Amino acid sequence: MEANNTVKPIASNLGVVLGISLTLFIILIYAFNLELITEWYIGIIEFLIIVILGGYACSKAKKHFTEPFTFKNSFSAFFITIAIGLAIYSLVNYILFNFVDPEAANYIVEVSIEKVRETMSSFGGTEEQINQVVADMQNENQFSLSNQAIGLAVKLVFYSVIGLLVALIFKEKSNQVA
89 MEANNTVKPI
99 ASNLGVVLGI
109 SLTLFIILIY
119 AFNLELITEW
129 YIGIIEFLII
139 VILGGYACSK
149 AKKHFTEPFT
159 FKNSFSAFFI
169 TIAIGLAIYS
179 LVNYILFNFV
189 DPEAANYIVE
199 VSIEKVRETM
209 SSFGGTEEQI
219 NQVVADMQNE
229 NQFSLSNQAI
239 GLAVKLVFYS
249 VIGLLVALIF
259 KEKSNQVA
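Residues in the sequence shown are numbered from 89 upward in steps of one, following my numbering.
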């Protein structure tokens, strides 16, 4: 690949790779054991996939950059990658759980409710508090387009903070003396 001065092509391509990776991840879970979606360690695996591919985007962009690789360039590579990847992932979740198999969404909510009941009971939650949380969960479609958009926005903010740290790691030091 020829050296250049923009991170967009590399970050865009890796964003699509991230989106496909997350899509394959959710489809494998969907195909083999839908209940896994509610497990805490699945969120950690998702986090690692996103951060690793975001960091890889910074590394790859830095190698192909002909000018000093600034903090802005590094953050842009990370952010563009995760924005595209998470947008694809959110869209796939929306389509999968609203059109392909809405019953799977209902099952996930039921399993989530049971886990919330157990967790709140173990932490001493009152029956009234538990019932209120359960009612809220039953009344809200977590896979609706608006909730997917809100989830995407929240994830972008969260991963942007991570991206700031990653950008600090990958930026080149300035040779200027103050």
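No residue lacks a Cβ here, since even glycine has one placed at the ideal position from N, Cα and C. Note that this is a predicted model, so its numbers are computed, not measured.
Q) If residue 259 sits next to residue 168, beta carbons under 8 Å apart, how far is it from one beta carbon to the other, in whole angstroms? A) That pair is no contact at about 16 Å.
(Q) Looking only at its chain, what residues have a beta carbon closer than 7 Å to the beta carbon of residue 217, apart from the 5 residues adjacent to it on each side? (A) Within the same chain, residue 217 has close Cβ partners 208.
Q: Assign residue 37 to one of two classes, buried (16 or more other C-beta atoms within 10 Å of its C-beta) or exposed (fewer than that).
A: No answer is possible for residue 37: it lies beyond the span of the chain, which begins at 89 and ends at 266.
**Q.** With 16 other Cβ atoms within 10 Å as the buried cut-off, status of residue 119
**A.** exposed
Q) Would the beta-carbon of residue 161 fall within 8 Å of that of residue 149? A) yes
Q: Out of 115, 105, 140 and 104, point me to the one whose CA is closest to residue 255's CA.
A: Nearest C-alpha to residue 255 among 115, 105, 140 and 104: 140.
Q) Which residues in the same chain as residue 237 place their Cβ atom closer than 8 Å to its Cβ, once the five residues preceding and following it in sequence are excluded? A) 178
Q: May I ask which residues mark the beginning and end of the alpha helix (DSSP H) holding residue 123?
A: Counting along the chain, residue 123 falls outside any alpha helix (DSSP H), and DSSP gives it neither H nor E.
Q: Can you grab the Cα-Cα spacing for the pair residue 197 / residue 155, in whole Å?
A: 50 Å
**Q.** Distance CB(residue 200)-CB(residue 126) smaller than 8 Å
**A.** yes
Q) Quick one, are the C-beta atoms of residue 235 and residue 229 less than 8 Å apart? A) yes
(Q) Less than 6 Å between C-beta atoms, sequence neighbours within five positions excluded: which residues of the same chain meet that for residue 180? (A) The residues are 111.
(Q) Going by beta-carbon coordinates alone, are residue 233 and residue 182 separated by less than 8 Å? (A) At a Cβ-Cβ threshold of 8 Å, residue 233 and residue 182 count as neighbours.
(Q) For residue 231, list the residues DSSP reports as bridge partners. (A) DSSP, once it has assigned bridges, lists no residue as partnering residue 231.
Q.
Give me the residue from 163, 215 and 214 with the minimum Cα distance to residue 245.
A. Considering only alpha carbons, the answer is 163.
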